[in-house]
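Chemist:
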Amino acid sequence: MDRSSTVVYQIYPKSFCDASGDGWGDIQGVISRLDYLQELGINCIWFNPMCISPQKDNGYDVQDYRNIDPRYGTMADFEQLVKECKARGIDIMLDMVFNHTSTEHEWFQKALQGDPKYKAYYIWKKGKGPGVPPNNWQSKFGGPAWEYVPKFDEWYLHLFDVSQADLDWTNPAVRKEMADIVNFWMKKGVHGFRFDVINEISKSSFEDDPNNFDGRQFYTDQPLVHTYLKELNKNSFGNDPEAMTVGEMSSTTVKNCSGYAGDDSHELSSVFSFHHLKVDYKDGKKWELQPFDFMQLKHLLNEWQVGMQENHAWNALFWNCHDQPRSVSRFGNDTKYRKESAKMLAAAIHLMRGTPYIYMGEEIGMPNAGFGDISQYRDVESINACHILKKEGKSEHEVLHILNERSRDNARTPMCWDSSEKAGFTTGTPWIPLGKTHKEINVENDRKDPESIFAWYQQLIHLRKTMKIIQEGTYVPMLEKHPSVLAYQRIWKNEKLTVLCNFYGTQTQADLDDTAGSEILLTNVHRDSIDAHMTLQPYECLVLYKK
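Residues 1 to 547 (the UniProt record's numbering) make up the sequence shown, in order.
Put into structure tokens, the structure is as follows:
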């Protein structure tokens, strides 16, 4: 896969399409919708984990890396999926969860039985004293990051849920297992791999964290991560000339990511970074609300674009994923200007330097879930946060409002295909309730609109595939101090692309030095002319091209 011309569509399999009628999305459901994705124009699908799992963390607690969970189908179904995708010019990217396994994995179960080989696959430490964990690190899902096992009088590390035990990558046997798993799926015809929280696989020390008590400074972006990725590359996907990889990087830096995804680093093809998706975290805390800080958002987008460019490294471009609220509700306007803001947000990143990712439903402007009751939430992180927020004294109404804004379940409601009672997702009872807008906002209704969001995405994908300036052009920030407009240029040879995005529901002025000879390539409003002093409409996106 060519990372510069590829557009990836992310499917959360549990919520995409259910062919069996049990309320749980499955592989045959995906196959039934492949023509839709081919029409959209994408050329790769990233699937969240479909391996056997107890589903404590929606598949990110893997019990068996080499077998499809029966809830999704069979290995024969998966092999059919590979063939059907290939027939439509679509590659497959699988999610590799290599920082931890489920505690129900055979390896961990053997470790609990005292098998020294498999006990060495995980991270065990003695406590500081009776009932006291080895250090003060906190799990990302709340509570201590350690769980006590009386049989050994030791604690195992779990940076995430207690059912997700961290693997010990200092053990060569663990690293060999990981390479073997990648090779297993490559033999099935898979060319793409997304590595979950991969910059956390190395823990440099296990001392107390004197600052924020989460231990992040001791397990994030440690030097050995680069060593481990080079080895994994050499022993697995690096042997496939068609391979494309992306690493999910938690709390990372441009400097480290330039190493992970540098042209000559021999590690990964690209990286996900999340700084731009924390600009609405009050005091940096996910469950504390504030309006998004546009100037910070713009600064971070520009910083990563320019920084990775200068270091000849590659970004993954995205607003949405299974772990984030819907961007049209978060950075746009999901009522009065839903269509305009959804289009603006799409163009803002699709025309940047990097590989764009579309999360299912984004291409029709699906908003947040809008649940009316806390009982409708399913996500382990959200449920834990609910308990913590209540302990802090917040009312049921306040907690519901926070979850409505922040929960990962906002992205996990079923894909809305039509206006029927079950939105065309299933004939059964969906595993999680449908979003409140499913009768109005769905594929069927969007496709009736000649100026649909879907058609806008088709245009963006076509431009990515056909214009070298979008694939390879230099990124140059513009109007950096403008309080409501994100603007940049892409420059390649004698071509120039200018992108203007108004992030607010009010008109604003944008002054350009040079518009002579430019033509309107894209606009999400009815605009006939351009000049040096333009009034941009609410959530307007204007793309100018000059040769």
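All C-beta atoms in this analysis are idealised placements derived from N, C-alpha and C, irrespective of residue type, glycine included.
Look at the Cβ atom of residue 192, then the Cβ atom of residue 62, and state whether they are nearer than 9 Å.
Modeler: No, these two residues do not count as a Cβ contact at 9 Å.
Chemist: Please list the terminal residues of the continuous alpha helix (DSSP H) segment that includes residue 231.
Modeler: Note, residue 231: alpha helix (DSSP H), 224-235.
Chemist: Out of curiosity, what's the CA-to-CA distance linking residue 203 and residue 145?
Modeler: Rounded to whole angstroms, residue 203 to residue 145 spans 13 Å at the Cα level.
Chemist: From which residue to which residue does the alpha helix (DSSP H) around residue 157 run?
Modeler: Where residue 157 is concerned, there is no enclosing alpha helix (DSSP H), although the beta strand (DSSP E) it sits in stretches over 154-157.
Chemist: If we require 4 or more residues per run, which alpha helix (DSSP H) segments fall completely within the segment 106-150?
Modeler: Taking only runs of at least 4 residues, the alpha helix (DSSP H) segments lying wholly in the segment 106-150 are 106-112 and 116-119.
Chemist: Quick check on residue 295: buried or exposed, where buried means 16 or more other Cβ atoms within 10 Å of its Cβ?
Modeler: The residue in question, residue 295, is exposed, as its Cβ has fewer than 16 Cβ neighbours within 10 Å.
Chemist: Between which two residues does the alpha helix (DSSP H) containing residue 307 stretch?
Modeler: First-last of the alpha helix (DSSP H) with residue 307: 294-310.
Chemist: Tell me the rounded alpha-carbon separation between residue 389 and residue 445.
Modeler: Their Cα atoms are separated by approximately 38 Å.
Chemist: Rounded to whole angstroms, how far is the Cβ of residue 455 from the Cβ of residue 320, which I believe are closer than 8 Å?
Modeler: About 19 Å separates the two Cβ atoms, so there is no contact after all.
Chemist: Fully enclosed by the segment 1-81, which beta strand (DSSP E) runs are 3 residues long or longer?
Modeler: Runs of the beta strand (DSSP E) inside the segment 1-81: 8-11, 44-47 and 64-68.
Chemist: I believe residue 158 touches residue 166 by the beta-carbon criterion, under 8 Å. Please report the beta-carbon distance rounded to the nearest angstrom.
Modeler: Their Cβ separation, rounded to whole angstroms, is 6 Å, which keeps residue 158 and residue 166 in contact under 8 Å.
Chemist: Give the DSSP bridge partners of residue 541, in chain order.
Modeler: Answer is 501.
Chemist: If you reduce the DSSP assignment to three classes, tell me which class residue 414 lands in.
Modeler: In the structure shown, residue 414 sits in coil (DSSP, three-state: anything other than H, G, I, E or B).
Chemist: How far does the alpha helix (DSSP H) with residue 259 in it reach, from first residue to last?
Modeler: Taken as a continuous stretch (DSSP letters only), the alpha helix (DSSP H) holding residue 259 covers 254-260.
Chemist: Note down the Cα distance separating residue 343 from residue 544, rounded to an integer number of angstroms.
Modeler: Distance between the alpha carbons of residue 343 and residue 544 is about 16 Å.
Chemist: Would residue 491 and residue 476 qualify as a contact pair, given that the criterion is a beta-carbon distance under 9 Å?
Modeler: Result yes, Cβ atoms of residue 491 and residue 476 sit closer than 9 Å.
Chemist: Using the three-state DSSP reduction, which class does residue 217 fall into: helix, strand or coil?
Modeler: Helix.
Chemist: Is residue 174 a contact residue of the ligand SAH, with contact defined as CB to any heavy atom under 8 Å?
Modeler: Judged by which ligands are present, the structure shown has none, so any question about the ligand SAH falls away.
Chemist: For residue 120, collect the residues of the same chain with a Cβ closer than 7 Å to its Cβ; drop the 5 residues on either side in sequence, then sort them by chain order.
Modeler: If we look at residue 120 and ignore the five residues flanking it on each side, its Cβ neighbours are 168 and 171.
Chemist: Looking only at its own chain, which residues have a Cβ that is under 8 Å from the Cβ of residue 84, when we skip the five neighbours before and after it?
Modeler: If we look at residue 84 and ignore the five residues flanking it on each side, its Cβ neighbours are 31 and 34.
Chemist: Might you give, ordered along the chain, the residues of its own chain that have their beta carbon closer than 7 Å to the beta carbon of residue 535, omitting 5 neighbours on each side?
Modeler: Only 507 and 509 meet the Cβ criterion.
Chemist: With three or more beta-carbon pairs closer than 8 Å as the criterion, would you say the segment 417-425 touches the segment 329-343?
Modeler: Not touching, per the Cβ criterion.
Chemist: The beta strand (DSSP E) that contains residue 396, what's its start and end?
Modeler: No beta strand (DSSP E) contains residue 396, which is instead part of the alpha helix (DSSP H) from 396-406.
Chemist: Jot down the residue ranges of each uninterrupted alpha helix (DSSP H) in the segment 161-186, minimum 4 residues, whole runs only, in chain order.
Modeler: Qualifying alpha helix (DSSP H) stretches, in chain order: 172-186.
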